[in-house]
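Line by line, the protein sequences are chains A and B.
Start counting at 1 in the first sequence, then tack on 5, and there's your number in this note's numbering.
Start counting at 1 in the second sequence, then tack on 5, and there's your number in this note's numbering.
Protein chains: 2
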Amino acid sequence: MEENSFLNIAKKAKEVSKKTAVLSSEIKNKALLAVARALDSHKDMIFEANMKDLEEAALMVDRGELSQSLYSRLKLDENKMRDMVQGIIDISKLEEPIGKLLLKRELDKGLILKKISCPIGVLGIIFEARPDVISQISALALKSSNVVILKGGKEAVNTNKAIMSVINSALACVEGLPEGIITQVFTRDDVAEMLKCDKYIDLIIPRGGNNLVKFIKENTKIPVLGHADGICHLYVDESADFNKALNIIIDAKTQYPSACNSVETLLIHNNFLRAKELIDKLKDAGIMLIPNPESWHKEYSDKILAYKFVSSVEEAVNHINTYSSGHTDGIITESKDSAEYFLSAVDSAGVYHNVSTRFADGFRYGFGAEVGISTNKTHARGPVGLEGLTIYKYTLEGGGQIVKDYVEGRKSFTHKDLI
Amino acid sequence: MEENSFLNIAKKAKEVSKKTAVLSSEIKNKALLAVARALDSHKDMIFEANMKDLEEAALMVDRGELSQSLYSRLKLDENKMRDMVQGIIDISKLEEPIGKLLLKRELDKGLILKKISCPIGVLGIIFEARPDVISQISALALKSSNVVILKGGKEAVNTNKAIMSVINSALACVEGLPEGIITQVFTRDDVAEMLKCDKYIDLIIPRGGNNLVKFIKENTKIPVLGHADGICHLYVDESADFNKALNIIIDAKTQYPSACNSVETLLIHNNFLRAKELIDKLKDAGIMLIPNPESWHKEYSDKILAYKFVSSVEEAVNHINTYSSGHTDGIITESKDSAEYFLSAVDSAGVYHNVSTRFADGFRYGFGAEVGISTNKTHARGPVGLEGLTIYKYTLEGGGQIVKDYVEGRKSFTHKDLI
Chain A
6 MEENSFLNIA KKAKEVSKKT AVLSSEIKNK ALLAVARALD SHKDMIFEAN
56 MKDLEEAALM VDRGELSQSL YSRLKLDENK MRDMVQGIID ISKLEEPIGK
106 LLLKRELDKG LILKKISCPI GVLGIIFEAR PDVISQISAL ALKSSNVVIL
156 KGGKEAVNTN KAIMSVINSA LACVEGLPEG IITQVFTRDD VAEMLKCDKY
206 IDLIIPRGGN NLVKFIKENT KIPVLGHADG ICHLYVDESA DFNKALNIII
256 DAKTQYPSAC NSVETLLIHN NFLRAKELID KLKDAGIMLI PNPESWHKEY
306 SDKILAYKFV SSVEEAVNHI NTYSSGHTDG IITESKDSAE YFLSAVDSAG
356 VYHNVSTRFA DGFRYGFGAE VGISTNKTHA RGPVGLEGLT IYKYTLEGGG
406 QIVKDYVEGR KSFTHKDLI
Chain B
6 MEENSFLNIA KKAKEVSKKT AVLSSEIKNK ALLAVARALD SHKDMIFEAN
56 MKDLEEAALM VDRGELSQSL YSRLKLDENK MRDMVQGIID ISKLEEPIGK
106 LLLKRELDKG LILKKISCPI GVLGIIFEAR PDVISQISAL ALKSSNVVIL
156 KGGKEAVNTN KAIMSVINSA LACVEGLPEG IITQVFTRDD VAEMLKCDKY
206 IDLIIPRGGN NLVKFIKENT KIPVLGHADG ICHLYVDESA DFNKALNIII
256 DAKTQYPSAC NSVETLLIHN NFLRAKELID KLKDAGIMLI PNPESWHKEY
306 SDKILAYKFV SSVEEAVNHI NTYSSGHTDG IITESKDSAE YFLSAVDSAG
356 VYHNVSTRFA DGFRYGFGAE VGISTNKTHA RGPVGLEGLT IYKYTLEGGG
406 QIVKDYVEGR KSFTHKDLI
């Protein structure tokens with residue numbers, strides 16, 4: 006590896022980001038459609054590359070070096086490819102996120118302040134196994150005028166290279182588009198360099214398992230958008246409806262147990278009359294129930310559910326605010342008061358009443374696409390759509406105004422909002 | 006010092022933050038007015054404490070251990086006290102920042118998603134010398150339902166203690182307010198602990214010189230809201246109006262040279278005809294002009310201005326995007342095209358046309374109060390008002406809906422915005 010090669014890539018990305026910031030919607034959407042078309046027409050080449058990765062991965066599964074679930078996420082088929090292509094077309098149709106006028110205010114006559122949405126700059130994306138992440142994130146970045154440096158898992162190296170070459174060939178044919186919007190790096194050293202590169206990289210988005218996200222959060226000063234754990238709770242209140250509780254818990258635990266928005270802990274009010282029946286029926290649904298486990302911090306990612314009894318909604322809220330990872334937590338109750346208290350007091354990205362935690366998802370929220378789900382307390386929280394890839398700047402336009410006149414009282418501010 | 010005492014303070018603060026999150030506007034505003042009244046009626050006690058600090062500080066100035074400018078910032082007088090009190094009253098009158106409905110969307114019939122503004126949680130404030138920061142930040146935190154841990158400079162320890170005791174006595178008398186919203190720590194060890202405490206502290210806001218801010222940014226993984234450098238630029242375009250240029254540059258450099266939004270670098274188009282005259286007049290105004298300095302990264306904080314000639318607006322933009330600290334940069338031109346290009350291509354928190362960079366300020370922008378100025382690319386950028394101390398959560402209210410029904414096609418989303 007060339008010395009400091011990552012630094013050069015990152016520096017270049019920063020330069021390119023100044024050009025992408027001023028791209029028109031028309032060019033960006035044209036580029037997205039070109040990428041969608043190219044992926045569709047080169048899918049056989051991508052499947053071939055994917056086959057190579059799958060052969061190697063199958064051996065790794067045999068040797069116990071790769072899990073079956075990572076193997077299946079690695080695999081691309083006609084369905085996934087169709088979703089990838091459609092996903093990019095859908096993103097091209099989303100509202101333009103850049104150049105939005107968020108505020109227009111007259112500070113004084115002829116002195117106009119505007120707050121305008123703009124791209125963040127350079128995104129570092131670190132992801133595992135799923136090669137479909139490349140096209141999705143690249144499309145979101147392009148739509149939001151950001152530049153991306155992608156680092157995929159080595160299990161998917163052939164697939165990722167094939168997809169990237171298709172994407173970049175397509176982008177190269179779009180007039181007015183700068184080169185280098187999407188680049189890919191491959192080594193562990195590149196990741197280490199990326200995490201240190203706060204001068205050129207503005208935001209890191211990890212897509213992968215808890216350990217990957219934790220490692221990244223621990224090892225960089227660059228803002229990280231994402232979540233490590235998904236310790237979600239459901240609380241069955243004294244006045245919960247039995248059937249709603251049963252259906253919601255089964256859905257939240259079994260519909261996709263390894264998803265981050267699956268429930269891990271069940272809290273039941275002491276006075277909920279049919280608690281034993283509920284637990285029995287959950288067992289019948291194939292869920293293993295663990296009363297009062299040693300740790301409330303465990304994400305089972307399986308049909309396993311820890312539970313305990315509480316004596317009030319306050320105790321439930323307190324347990325959740327202590328042990329939740331701040332992802333999504335819900336109450337099941339017919340009491341308006343309990344629901345209102347729970348919704349306002351639980352400090353999580355998603356706080357639900359009488360619905361499954363599995364709804365925590367950008368597509369279900371109607372964002373059109375999802376960058377990921379954030380448990381951060383700044384910038385973006387919960388499912389993050391295109392808006393999470395934007396920030397804003399202020400422009401101030403005048404006719405020669407100086408501050409001295411305002412400080413010395415010759416002029417004064419009007420502060421009149423114009424939108 | 007008790008072992009782990011900071012950790013206990015931070016843990017307590019996190020607990021209190023769950024209570025402040027649900028405070029009503031009425032209680033918060035009542036508390037703010039109580040604090041304002043208490044500061045006003047106990048000002049003599051505060052002046053007395055300030056006098057103690059000033060005596061010690063005067064000796065430090067004599068010994069060369071404290072700068073004259075820090076000394077004058079340390080000093081409280083009737084005017085500053087009146088501003089402090091009025092500032093708190095003004096904050097009480099600002100629009101309630103918490104509980105705002107930012108989105109209300111029907112995902113399906115009877116399945117309502119809301120995006121609601123909420124406090125960030127626990128803020129760590131580290132500031133130097135200026136004791137008036139305590140009351141301002143405390144008031145902003147209280148208004149936005151956050152909890153704060155303050156660490157002031159040791160030069161102001163007596164003043165800070167006096168102000169804190171007045172604030173906390175006033176808060177203790179307000180019914181319905183939890184104890185411990187505002188706490189103060191005093192030692193360097195506390196700062197070191199605060200920077201490590203990402204489990205309990207959600208955001209750090211440094212208020213002080215470059216070195217303080219740089220040190221903090223280098224030494225924590227907690228998000229930091231602020232700016233280290235204020236390397237602001239003014240670019241005099243080919244078609245600039247001479248008088249506007251002269252007035253704006255003089256204001257931006259001399260009105261308050263040590264402010265972060267003062268200009269440090271002047272770029273002049275080669276074809277600007279009266280360049281020599283401009284430079285002479287700037288010298289007449291007491292500004293020292295340095296052509297092509299060794300470094301473009303220097304913040305002079307004095308009546309010193311570096312300058313160079315450029316051959317196009319593109320070169321100016323390029324210079325700015327390379328050397329600006331991303332705070333505030335402006336163009337002086339009568340050309341609409343140059344102005345438009347500059348405003349869209351410069352990647353700074355504030356990008357100005359024909360006005361002084363000194364306008365970059367929360368009060369001047371009409372935010373009512375300012376937490377600080379951020380050069381971050383995520384969360385909040387530019388002058389940050391109350392909004393920068395908030396984030397949001399999503400609530401989802403339904404009647405027993407489960408995801409399985411949507412995945413298996415028995416139900417589908419309507420995604421209808423209700424506001």
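We put the CB at the ideal spot given by N, CA and C, even for glycine.
Residues of chain B with a Cβ closer than 7 Å to the Cβ of A/V356 are, in chain order, K398, T400.
Excluding sequence positions up to five before and after A/A62, its CB lies within less than 6 Å of the CB of L71, Y76, L79, E160, all in the same chain and listed in chain order. Contact check for A/S330 and A/G235: beta-carbon distance about 6 Å, within the 8 Å limit, so the pair qualifies. For the pair B/L44 and B/L401, the CB atoms are not nearer than the 9 Å cut-off. Inter-residue distance for B/V322 and B/S267 is about 18 Å (C-alpha atoms, whole angstroms). A/V376 and A/L176 have their C-alpha atoms spaced approximately 21 Å apart.
Close partners of A/F418 in chain B (Cβ separation under 8 Å): R369, G371.
Counting C-beta atoms within 10 angstroms of its own C-beta, B/Q260 has 16 or more neighbours from the protein chains shown and is therefore classed as buried. In terms of Cβ geometry, A/N326 and A/D342 do not form a close pair [threshold 9 Å].
Residue range 48-67 is occupied by the alpha helix (DSSP H) that includes B/F52. Distance from A/I292 to A/K308 at the Cβ level is roughly 5 Å; contact confirmed, criterion being Cβ atoms closer than 8 Å. The C-beta separation of A/Y240 from A/L272 comes to about 4 Å, placing the pair in contact by the 8 Å criterion. Annotated three-state conformation of A/V315 is strand, per DSSP.
Ranked by how close their Cα comes to the Cα of B/A54, the residues B/T225, B/T164, B/I94, B/F372 have B/T164 in first place.
Nearest C-alpha to A/G129 among A/G355, A/V190, A/E60: A/V190.
Under the 9 Å criterion on CB atoms, B/P102 is classed as non-interfacial with respect to chain A. Between B/F314 and B/L283, the CB-CB gap reaches or exceeds 9 Å.
Ranked by how close their Cα comes to the Cα of A/L294, the residues A/L107, A/I254, A/V318 have A/I254 in first place. For the C-beta of B/D285, not a single chain A residue is nearer than 7 Å; the gap to the nearest is close to 20 Å. Measuring C-alpha to C-alpha distances from B/K98 to each of B/K109, B/E31, B/T25 identifies B/E31 as the nearest. Between B/V196 and B/I210, the C-beta gap is not smaller than 9 Å, which leaves the two residues out of contact. Excluding five sequence positions before and after B/S361, the CB atoms of its chain that fall closer than 7 Å to its own CB belong to I253, D256, A257, given in chain order.
Ranked by Cα distance from B/V152, the options B/R135, B/I227, B/P183, B/E392 are led by B/P183. Using a Cβ distance threshold of 9 Å, B/V127 and B/I206 count as a contacting pair. Chain-order list of chain A residues neighbouring B/G405: D246, N248, K249, N252, I253, N359, V360, by C-beta distance under 8 Å. Scanning chain A for C-beta atoms nearer than 8 Å to the C-beta of B/T380 yields nothing, as the closest lies near 11 Å away.
Non-local C-beta neighbours of A/T333 in its own chain, meaning closer than 7 Å and more than five positions away in sequence, comprise C237, N266, S353, A354, G355, Y357, T362, A365, ordered along the chain.
Looking at the DSSP output, B/H238 sits in a beta bridge with B/T270, B/D334.
When Cβ-Cβ separations below 9 Å define contact, B/A365 makes contact with chain A. Here the alpha carbon of B/K16 sits roughly 9 Å from the alpha carbon of B/C202.
B/R42 has a beta carbon lying at 9 Å or more from every beta carbon in chain A.
For A/S349, the nearest CB of chain B lies under 9 Å from its own CB, placing it at the interface with that chain.
Short of 6 Å from the beta carbon of B/L310, and not among the five residues preceding or following it, lie these beta carbons of its own chain, in chain order: K258, L271, I292, L294. Interface criterion met: the Cβ of B/E223 is under 9 Å from a Cβ in chain A. When the Cα atoms are used, A/E339 and A/F277 turn out to be separated by approximately 12 Å. Note on geometry: alpha-carbon atoms of A/I121 and A/L59 lie some 45 Å from one another.
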